[in-house]
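Residue numbers (full-length UniProt numbering): 1 to 143. Where a beta carbon is used, it is the ideal one built from N, C-alpha and C, also for glycine. Quick caveat, the model's predicted, so the values are computed rather than measured. See structure below.
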Amino acid sequence: MQKLTVIECKKDSPFVEPLEALFQQSWADFTFLNSGAFSSDLPPVFAALIGEKLAGGLSFTRHQAPNSERDAIWVNALSVLPEYRGRGIASHLLKYAVESITAHHLPFLYAYTNVPELYLSLGWFKMDIECEPEHCVMCLPLS
């Protein structure tokens with residue numbers, strides 16, 4: 001396998017449109033415009049590349065924290081192209097993203113997911129919050 005590289009995507013990156021299309025495969029209504037992913041108060045959007053090819057990506061959003069009135073940073077979208085799944089790319093993206101957001105001095109990072117095993121394997125914990133079937137809220141303490 002060629003080397004995996006994670007890069008920050010700016011609004012004008014050639015990977016923005018393919019990433020948006022990838023996220024729309026799982027979340028049909030996803031758009032970077034509507035998600036505010038390129039807002040200055042959010043960590044960057046990340047793309048995972050195998051060589052020069054897009055393999056996956058991750059973006060953040062701001063949403064109310066569980067059991068709180070305050071807003072928090074959430075993993076908004078994390079996806080890997082089918083042909084690259086099972087190679088640890090999603091784990092790598094999550095680890096990279098967590099390392100990159102330490103400068104934001106956040107107490108927690110959240111995710112709403114249907115794959116809690118991925119997050120649990122990386123030290124996140126499942127919150128006891130009512131969710132849709134097969135989904136849960138995951139939390140990672142950052143401080």
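Compute the distance between the beta-carbons of residue 48 and residue 56, then report whether it is under 8 Å.
Yes; because the gap between Cβ atoms is below 8 Å, this pair is in contact.
From the DSSP output, which residues share a beta bridge with residue 53?
Residue 53 is bridged to 50.
Among the candidates 134, 6, 87, 45, whose CA atom is the shortest distance from the CA of residue 74?
Residue 74 has its Cα closest to that of 45, out of 134, 6, 87, 45.
Who are the Cβ neighbours of residue 139 in its own chain at under 7 Å, not counting the five residues just before and after it?
The residues are 108, 110, 124, 125, 127.
Could you please give the first and the last residue of the uninterrupted beta strand (DSSP E) stretch that includes residue 72?
Taken as a continuous stretch (DSSP letters only), the beta strand (DSSP E) holding residue 72 covers 71 to 80.
From the DSSP output, in three-state form, read off residue 92 for me.
It is helical.
Give the range of the beta strand (DSSP E) segment to which residue 137 is assigned.
Where residue 137 is concerned, the enclosing beta strand (DSSP E) stretches over 136 to 141.
Would you mind sorting residue 90 into buried or exposed? The rule is 16 or more other CB atoms within 10 Å of its CB.
Per the 10 Å Cβ criterion, buried.
Is the Cβ-Cβ distance between residue 82 and residue 54 less than 8 Å?
No; because the gap between Cβ atoms is not below 8 Å, this pair is not in contact.
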